[in-house]
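In the UniProt record's numbering, the protein residues as written are 1 to 421.
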């Protein structure tokens, strides 16, 4: 039996791919960080979430190699390096160096590059990544505060970051089927191409990729490629449905926490503010006496508990507001201060009996899970593509953790009304 090991560069990215694996037939368990010991796991896929997207390159490589070695100890024989569907990595970023390190550790020379997720508007054509109808470099990602994406060409991005050679398998080849893709892979390998960028305009392209790449020891990409690969490797019918049942949310007390500043999260926050109690986090108050401020915010959340929809705490800001905040307090300092606050609020609410946490933002989700001591969980039903409910294996805690741009404008409301405890 093939056992897949996934190394994800952030927390919501990990739940994103875990959701697609579960939906497409692989029983999946996710860990927050590399476990300190071996585990006895009845799962076909094991996902490890790291916090390696924007940390120093050396740290990202070390974390990723530690995850790879642990996964190999668990019997994994296929590996997947998961990054964001918007390839959040500048020319000095971590995707290339981590890919090189994983290839070297496995003794391989070629891998796939496929961040596409057509269901969420992320497509690749002629090696260029699109967000909806816009090139990545012309989308809101151009102004991302940590990883501004000013180039849409995945071949150029890999060539700048990594040590090897990049090549392309275009949509026309994918339209010919898996055998044509395998032949092109062999041709590119003979030409010394290490990183094969694959076009993807539809789910059928992802299914073709899954069939063509099923024997490749290491693949890299967003969560979309997992659809095709999971269907190739699934061996038990309805296994995904059983896993979703195990992960259904429980608990009556809920809170929404938003730390993402993406365009979609801004729309989601604005919509939810019209429906439920909402309070904006004051960055200046996160810099001093954070515990006192966290207690104040937790008290406010508790005061709203009787409302039909959960109260929301948000540090979400549009591009102009974010620029002003960063100019006033510093980008890293302000970001770390807000995350520290959210961690303190989360711990406080858990102590008061809160069991459901709906969180927006990759960094924020990781902080919340860590503050709750969530180390492993079952994957539950999908709220939006790539965003499932998850339930802690050891504690009565349920979480909905979404990347910034995922979900529709009513995501926060639907997470509560469509999935009762």
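C-beta atoms are modelled at their ideal positions from N, C-alpha and C, and glycine is treated no differently.
*With distances taken Cα to Cα, identify the nearest neighbour of residue 32 among 8, 54, 94 and 42.*
Closest option to residue 32, Cα to Cα, is 8.
_Where residue 361 sits in the DSSP three-state scheme_ = coil
*C-beta contact flag for residue 301 and residue 255 at 8 angstroms*: yes
*Is the Cβ-Cβ distance between residue 10 and residue 53 less than 8 angstroms?*
yes
*What number of angstroms, rounded off, separates the C-alpha of residue 25 from the C-alpha of residue 19?*
Looking at the two C-alpha atoms, the distance is approximately 10 angstroms.
*Helix, strand or coil for residue 253, going by three-state DSSP, please let me know.*
coil
*So the beta strand (DSSP E) residue 312 belongs to, where does it begin and stop?*
312-314
*If you drop the 5 nearest sequence neighbours on each side, which residues of the same chain put their C-beta closer than 8 angstroms to that of residue 279?*
Excluding sequence positions up to five before and after residue 279, its CB lies within less than 8 angstroms of the CB of 297, 300, 311, 312, 313 and 314, all in the same chain and listed in chain order.
*Return yes when the Cβ of residue 364 is within less than 8 angstroms of the Cβ of residue 257, no when it is not.*
yes
*asked:* So the candidates are 262, 294, 352 and 304; which of them puts its Cα closest to the Cα of residue 140?
replied: For the residues 262, 294, 352 and 304, the minimum Cα distance to residue 140 belongs to 262.
*asked:* Please classify residue 186 as buried or exposed, where buried requires at least 16 other C-beta atoms within 10 Å of its C-beta.
replied: exposed
*May I ask which residues mark the beginning and end of the beta strand (DSSP E) holding residue 388?*
387-392
_For residue 359 and residue 349, what's the separation of their Cα atoms in angstroms?_
14 angstroms
*Mind checking residue 236: buried by the 16 CB within 10 Å criterion, or exposed?*
With a pLDDT of 44 at residue 236, under the threshold of 50, the modelled position of this residue cannot be trusted, and the question is left open.
_Pop quiz: residue 127 and residue 154 are said to be a contact at Cβ under 8 angstroms. What is the actual Cβ separation, rounded to whole angstroms?_
5 angstroms
*According to DSSP, which residues form a beta bridge with residue 128?*
125 and 153
*Taking the alpha-carbon positions, what's the residue 239 to residue 231 distance?*
For residue 239, the predicted structure reports a pLDDT of 46, less than 50, and the residue's modelled location is therefore unreliable. A value from the coordinates is still provided. Straight-line Cα distance between these residues: approximately 12 angstroms.
*CB residue 374 to CB residue 399, shorter than 8 angstroms?*
yes
_Suppose you measure from the CA of residue 346 to the CA of residue 276; what does that come to, to the nearest Å?_
19 angstroms
*asked:* Between the alpha carbons of residue 411 and residue 387, how many angstroms are there, rounded?
replied: Per the coordinates, the alpha-carbon of residue 411 lies some 10 angstroms from the alpha-carbon of residue 387.
*asked:* Just to confirm before moving on: does the CB-CB distance between residue 3 and residue 75 stay below 8 angstroms?
replied: yes
_Considering just the uninterrupted stretch of the beta strand (DSSP E) at residue 64, what are its terminal residues?_
Annotation: residue 64 is outside any beta strand (DSSP E); the continuous alpha helix (DSSP H) that includes it extends over 57-73.
*asked:* With H, G and I counted as helix, E and B as strand and the rest as coil, what does DSSP make of residue 287?
replied: coil
*With distances taken between CB atoms, is the gap from residue 309 to residue 414 smaller than 8 angstroms?*
no
_Beta bridge counterpart(s) of residue 134 as assigned by DSSP_ = Residue 134 pairs with 131.
_Uninterrupted alpha helix (DSSP H) stretches inside the segment 20-50 (no shorter than 4 residues)_ = none
*Classify residue 118 as helix, strand or coil using the three-state DSSP reduction.*
helix
*Counting only the same chain and skipping the five closest in sequence on each side, list residues whose C-beta sits under 8 angstroms from that of residue 121.*
130, 131 and 132
*asked:* For the alpha helix (DSSP H) containing residue 8, name the first residue and the last one.
replied: No alpha helix (DSSP H) contains residue 8, which is instead part of the beta strand (DSSP E) from 4-8.
*asked:* My output table needs one value for residue 12: the three-state DSSP class, helix, strand or coil.
replied: helix
*Exposed or buried, residue 402, counting other C-beta atoms within 10 Å across all chains shown (16 or more means buried)?*
So residue 402 counts as buried.
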